[in-house]
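K.L.:
Heads up, the sequence shown is in our numbering, so the first residue is 1000 and it goes up one at a time.
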Amino acid sequence: MKTIKIVFVIATLFSLAACDELLLGEKEENTPVNNFEMLWGDIDKMYGGFAVKEINWDSLYDVYRPQVNDNTSDAELYTIFSKLLGQLDDNHVSLIPTNTGFPVYQSGIVGRLGTFTDFKLSSIKDNYIDSLKIYSGTILYGTLKGNVGYILLGGMEEGIGTYEKAFDFLFEEFKNTDGIIIDIRNNPGGIDQESVYIAGRFATETKTGFKFRLKNGPEHDDFTPFYEYTVSPQGKSQYTKGVAVMTHRFSISAAETFTMAMSQFDHVTIVGDTTSGAFSDMTSRELPNGWVYTISIGDWRSADGTSYEGIGFPPDVLVQNDSTDVANGRDEALEKAIALLSKGK
1000 MKTIKIVFVI ATLFSLAACD ELLLGEKEEN TPVNNFEMLW GDIDKMYGGF
1050 AVKEINWDSL YDVYRPQVND NTSDAELYTI FSKLLGQLDD NHVSLIPTNT
1100 GFPVYQSGIV GRLGTFTDFK LSSIKDNYID SLKIYSGTIL YGTLKGNVGY
1150 ILLGGMEEGI GTYEKAFDFL FEEFKNTDGI IIDIRNNPGG IDQESVYIAG
1200 RFATETKTGF KFRLKNGPEH DDFTPFYEYT VSPQGKSQYT KGVAVMTHRF
1250 SISAAETFTM AMSQFDHVTI VGDTTSGAFS DMTSRELPNG WVYTISIGDW
1300 RSADGTSYEG IGFPPDVLVQ NDSTDVANGR DEALEKAIAL LSKGK
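1. Write down every uninterrupted run of the beta strand (DSSP E) in the segment 1090 to 1116 whose length is 3 residues or greater and which is fully enclosed by it, in chain order.
2. Determine the direct distance from the alpha carbon of residue 1289 to that of residue 1102, and round the result to whole angstroms.
3. Where residue 1333 and residue 1245 are concerned, what is the direct C-alpha to C-alpha distance, given to the nearest angstrom?
4. I believe residue 1170 touches residue 1228 by the beta-carbon criterion, under 8 Å. Please report the beta-carbon distance rounded to the nearest angstrom.
5. For residue 1191 and residue 1253, I'd like the C-alpha separation in whole angstroms.
6. Under 6 Å: does the beta carbon of residue 1154 sit that close to some heavy atom of the ligand ADP?
7. For residue 1169, which of helix, strand or coil comes out of DSSP?
8. Starting from the C-beta of residue 1145, find all residues in its chain whose C-beta is less than 6 Å away, skip the five residues before and the five after it, and write them out in chain order.
9. With a Cβ-Cβ cutoff of 7 Å, do residue 1094 and residue 1083 count as a contact?
10. Can you give the Cα-Cα distance for residue 1149 and residue 1293, rounded to whole angstroms?
11. My guess is that residue 1202 and residue 1231 are in contact by the Cβ rule of under 8 Å, so how many angstroms apart are they, rounded?
12. What do you get for residue 1185, buried or exposed, if any count of 16 or more other CB atoms within 10 angstroms of its CB means buried?
13. Please say whether residue 1139 and residue 1183 have beta carbons closer to each other than 7 Å?
14. If I'm right that residue 1212 touches residue 1297 with Cβ under 8 Å, what's the distance once you round it to whole angstroms?
15. Which residues in the same chain as residue 1265 place their Cβ atom closer than 7 Å to its Cβ, once the five residues preceding and following it in sequence are excluded?
16. Just tell me which of 1315, 1200, 1188, 1142 has its CA closest to the CA of residue 1160.
17. Give the C-beta separation of residue 1129 and residue 1141 to the nearest angstrom, bearing in mind that I take them to be a contact with Cβ-Cβ under 8 Å.
18. Could you check whether the segment 1314 to 1321 touches the segment 1258 to 1272, counting it as contact only if at least three pairs of C-beta atoms, one from each stretch, sit closer than 8 Å?
19. Between residue 1243 and residue 1180, is the Cβ-Cβ spacing less than 7 Å?
20. With burial defined as no fewer than 16 other Cβ atoms inside 10 Å of the residue's Cβ, what is the status of residue 1274: buried or exposed?
21. Mind checking residue 1117: buried by the 16 CB within 10 Å criterion, or exposed?
22. Which same chain residues, not among the five before or five after residue 1221, have their C-beta less than 7 Å away from its C-beta?
23. Should the segment 1030 to 1045 be regarded as contacting the segment 1068 to 1076, the criterion being three or more beta carbon pairs within less than 8 Å?
24. Please return the same chain residues whose Cβ sits closer than 7 Å to the Cβ of residue 1096, not counting the five positions on each side in sequence.
25. Comparing C-alpha positions only, which one of 1262, 1300, 1284 sits nearest to residue 1224?
26. For a test of the three-state rule: what should DSSP assign to residue 1182, helix, strand or coil?
27. What is the rounded straight-line gap between the Cα of residue 1060 and the Cα of residue 1039?
This is how it looks when you write it as C-alpha cells:
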C-alpha cells in the first residue's frame, strides 16, 4: 500500500484536516445509525474514485441505510458495512472492526481472491536460477538461464538511499547480461517517490511517468489540479538494455505507478497479468464505535491521462500462469520474459 510523503500532498491533507469539522461534521454519538451515517457521509465527501468508476453513491445509501436501526447488532452492522464498502471494489478500502473479533474486511480483488496461486518464489529458486541472493529485506537477485539478470522487489519503501546503493551494486553485477527482469509480483506497493526513483535507474530520457490529483472539497468533483510525476535518469548509471517488468493481480499501488512509469520507455516490456488497479493514496478514519476504515482520496492517471483505477494496468505481453503449473514448479510468465530478453526485444 501507499504512503504519502511529498510536501504537496501533505499540505493538501493538512488543509483537509484543518476544515475537518466543516467537511465531516462534529463527532457523533455511538449508535448504529450514526456509525452508518458517518461512514457513508465521510466517503461521500472524501472518496476520489466516484467519477472514474461511475459509482452512484446516493443509490447505495438507499439500499443499505434502511437496513440499519438503533437495534442493529455489531455483527449485522459489520455485514452491512462490508457489503457497502464492497461496492467500491477498491483494494485501498478496508474496515478494521476493533475489539469485536471480526476479521478485517478488505475490498477489491485482494479481498475477493484472498490468495494468489499464480506465483511462487520457490519455483524460481528451484527451477530457474542457480542462486537467489538477498540484497536486503525486499530485494532479491540472481542470474537466470539465458544470461538474464533477475531482481525481485518485494515492496517500494526501503528508502531512496537504499535503492541508490542497491542498483549501483546490481548494475555492476549484471553489466554483462543480455537483459534484466524486474519481478514485482506479490509487491503490495509503498511510496511513489521511491518507485519513480527506481524507474529512473532505467530511464533513457525525462518523461512523464504518471499524474494524480487529490480530493480537496466535499463534492465528488472537488480536486486539486493534476500533479505530474516526471521520470528522469537517476544515479550514476542507468541500465538501458532490454528490461522486462513482471506483474500480476497482486502488483499493487506504488508497484503499479512503477509499472506505468517504466512503460514509457521503449526498451521496457511489461510481461504477465494485469495489475491490481489500486493506484490512489489512501487515508484512514475512526467511527464513533472505534472501528477504523480506509479509503482512497485521489485520482491517479497514466501519462496520457487514462485512469486504470479498479481495472489495473495491462501488460504488453499477457501471460496468465496456471496455478497447477505453478504448483508443479513452472512459471510460464517468467519463461516468456526470459525468451524475450534472450533473443532481444
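Every residue, glycine too, gets a C-beta built ideally from N, C-alpha and C.
Values in this document were obtained by computation on a predicted structure and should not be read as measured data.
P.N.:
Reading from the atomic positions:
1. Given a length threshold of 3 residues, each whole run of the beta strand (DSSP E) inside the segment 1090 to 1116 is given here in chain order: 1093 to 1095.
2. Within the sequence shown, the letter at position 103 stands for residue 1102. Within the sequence shown, the letter at position 290 stands for residue 1289. Their backbone Cα atoms lie some 15 Å apart in a straight line.
3. In the sequence shown, counting from the first residue as 1, residue 1333 sits at position 334. In the sequence shown, counting from the first residue as 1, residue 1245 sits at position 246. Rounded to whole angstroms, the separation of the alpha carbons of residue 1245 and residue 1333 is 8 Å.
4. Start at 1 with the first residue of the sequence shown, and residue 1170 comes out as number 171. Start at 1 with the first residue of the sequence shown, and residue 1228 comes out as number 229. Rounded to the nearest angstrom, the Cβ distance from residue 1170 to residue 1228 is 23 Å, too far for a contact under 8 Å.
5. For the purposes of this step, residue 1191 is taken as the residue at position 192 of the sequence shown. For the purposes of this step, residue 1253 is taken as the residue at position 254 of the sequence shown. Using only the alpha carbons, I get a separation of about 5 Å.
6. The model on display carries no ligand, and the ligand ADP is accordingly not part of it.
7. What you label residue 1169 is simply residue 170 of the sequence shown in a count that begins at 1. Of the three classes helix, strand and coil, the one that applies to residue 1169 here is helix, per DSSP.
8. On the sequence shown, position 146 is the one that residue 1145 refers to. The answer, listed in chain order, is 1337, 1341.
9. Residue numbering aside, residue 1094 sits at position 95 when the sequence shown is read from its first letter. Residue numbering aside, residue 1083 sits at position 84 when the sequence shown is read from its first letter. Contact flag unset, no.
10. By one-based count along the sequence shown, residue 1149 stands at place 150. By one-based count along the sequence shown, residue 1293 stands at place 294. One C-alpha to the other measures close to 34 Å.
11. Residue mapping note: residue 1202 aligns to position 203 of the sequence shown, counting from 1. Residue mapping note: residue 1231 aligns to position 232 of the sequence shown, counting from 1. Sure, about 6 Å apart at Cβ, within 8 Å.
12. Within the sequence shown, residue 1185 is the residue found at index 186, counting from 1. That one is buried.
13. What you label residue 1183 is simply residue 184 of the sequence shown in a count that begins at 1. What you label residue 1139 is simply residue 140 of the sequence shown in a count that begins at 1. No. Outside cutoff.
14. Position 213 of the sequence shown holds residue 1212. Position 298 of the sequence shown holds residue 1297. Contact flag correct, Cβ pair sits at about 6 Å.
15. Within the sequence shown, residue 1265 is the residue found at index 266, counting from 1. Within its own chain, no residue has a Cβ closer than 7 Å to the Cβ of residue 1265 once the five positions on either side in sequence are excluded.
16. For this step, residue 1160 is matched to residue 161 along the sequence shown. Comparing Cα positions, the closest option is 1200.
17. Residue 1129 sits at position 130 when you count from the first residue of the sequence shown. Residue 1141 sits at position 142 when you count from the first residue of the sequence shown. Between residue 1129 and residue 1141, the beta carbon gap of about 7 Å places them in contact (Cβ cut-off 8 Å).
18. Counting Cβ pairs under 8 Å, three or more are found: they touch.
19. By 1-based counting over the sequence shown, the position of residue 1243 is 244. By 1-based counting over the sequence shown, the position of residue 1180 is 181. Taking C-beta atoms as the reference points, residue 1243 and residue 1180 count as a pair closer than 7 Å.
20. On the sequence shown, residue 1274 is found 275 positions in, with the first residue counted as 1. Residue environment analysis places residue 1274 among the buried positions, since at least 16 neighbouring C-beta atoms fall within 10 angstroms of its C-beta.
21. Reading the sequence shown from its first residue, position 118 is the one you call residue 1117. Its Cβ being crowded by 16 or more others within 10 Å, residue 1117 is buried.
22. Taking the sequence shown and counting its residues from 1, one reaches residue 1221 at position 222. Only 1214, 1215 meet the Cβ criterion.
23. Yes: the two stretches touch, three or more of their Cβ pairs being nearer than 8 Å.
24. Along the sequence shown, one-based indexing puts residue 1096 at 97. Excluding sequence neighbours, residue 1096 sits near 1077, 1290.
25. The sequence position of residue 1224 within the sequence shown is 225, counting from 1. The option with the nearest alpha carbon to residue 1224 is 1300.
26. For this step, residue 1182 is matched to residue 183 along the sequence shown. Here residue 1182 sits in strand by DSSP.
27. The residue given as residue 1060 occupies position 61 in the sequence shown. The residue given as residue 1039 occupies position 40 in the sequence shown. Spanning the alpha carbons of residue 1060 and residue 1039 requires a straight line of approximately 7 Å.
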